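For the sequence shown, the working numbering assigns the number 224 to the last residue and increments by one with no breaks.
C-beta atoms are modelled at their ideal positions from N, C-alpha and C, and glycine is treated no differently.
For clarity, every value in this text was computed on a predicted model and none was experimentally measured.
Taking it in order: structure first as structure tokens, then the write-up.
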Amino acid sequence: MTPANEEFELDEELLSVCRTAVGDELRSITYFTHEDVDQLYLRSDLDPDANLEGFAEHERLGFRSQEAYENTELGEYEATIRMFEYGYLTRVVHDGHGVWVTTDDMSIDRFEELSVAVRNVLSSFEAVDA
95 MTPANEEFEL
105 DEELLSVCRT
115 AVGDELRSIT
125 YFTHEDVDQL
135 YLRSDLDPDA
145 NLEGFAEHER
155 LGFRSQEAYE
165 NTELGEYEAT
175 IRMFEYGYLT
185 RVVHDGHGVW
195 VTTDDMSIDR
205 FEELSVAVRN
215 VLSSFEAVDA
């Protein structure tokens with residue numbers, strides 16, 4: 095599979111699992127690596143001028159968190175959920191790439207379902223830099 099095809103397949107798979115897990119509460123999906131950031135989806139009622147690179151710089155700290163939390167009594171690091179005034183951000187990282195998904199309010203079970211689904215997709219693909 096060519097890198098472009100693999101990137102397209104990764105994007106489509108992430109969009110599919112996020113829509114399935116989150117439904118209408120889905121606000122945005124952003125894929126990132128150590129070097130790049132790419133917004134895959136943005137709900138039409140949201141401002142397209144968000145500072146993705148600023149968010150990415152902060153969310154890339156998750157690569158270090160993943161290593162820092164290895165071998166704890168809590169088990170393997172899976173995801174981070176951040177609460178904001180108007181929504182939530184869920185970050186999942188795996189082997190040099192990650193995704194943050196923003197949502198409206200939803201039950202904790204759905205956040206867990208979202209995190210597991212995104213992690214499964216990320217573990218099936220190599221990191222893709224543009």
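In whole angstroms, what is the alpha-carbon distance linking L183 and A115?
Within the sequence shown, residue 183 is the residue found at index 89, counting from 1. Within the sequence shown, residue 115 is the residue found at index 21, counting from 1. C-alpha separation (whole angstroms): 14 Å.
If I'm right that T197 touches E119 with Cβ under 8 Å, what's the distance once you round it to whole angstroms?
Along the sequence shown, read from residue 1 onward, the residue named residue 197 stands at position 103. Along the sequence shown, read from residue 1 onward, the residue named residue 119 stands at position 25. Confirmed, about 5 Å.
By how many angstroms is the C-alpha of E179 removed from the C-alpha of D141?
Looking up residue 141 in the sequence shown gives position 47. Looking up residue 179 in the sequence shown gives position 85. Roughly 16 Å separates the two Cα atoms.
What residue range is occupied by the uninterrupted beta strand (DSSP E) comprising D203?
Taking the sequence shown and counting its residues from 1, the one referred to as residue 203 is at position 109. Where D203 is concerned, there is no enclosing beta strand (DSSP E), although the alpha helix (DSSP H) it sits in stretches over I202 to S217.
Taking contact to mean at least 3 C-beta pairs separated by less than 8 Å, is the stretch 187-196 in contact with the stretch 150-158?
yes
Below 6 Å CB to CB, which residues in the same chain sit around F219 once its five sequence neighbours on both sides are set aside?
Here residue 219 refers to the residue found at position 125 when the sequence shown is read from its first residue. Excluding positions up to five away in sequence, the list reads L104.
Quick one: what's got a C-beta closer than 7 Å to S209's C-beta in the same chain, skipping five residues either side?
Reading the sequence shown from its first residue, position 115 is the one you call residue 209. Correct list, in chain order: E172, A173, T184 and V186.
Measuring only the C-alpha atoms, how far is E151 from D130?
Counting from 1 along the sequence shown, the entry for residue 151 is found at position 57. Counting from 1 along the sequence shown, the entry for residue 130 is found at position 36. Cα to Cα, E151 sits roughly 10 Å from D130.
Is F102 buried or exposed, if buried means 16 or more other CB atoms sit within 10 Å of its CB?
Numbered from 1 along the sequence shown, position 8 holds the residue referred to as residue 102. So F102 ends up on the exposed side.
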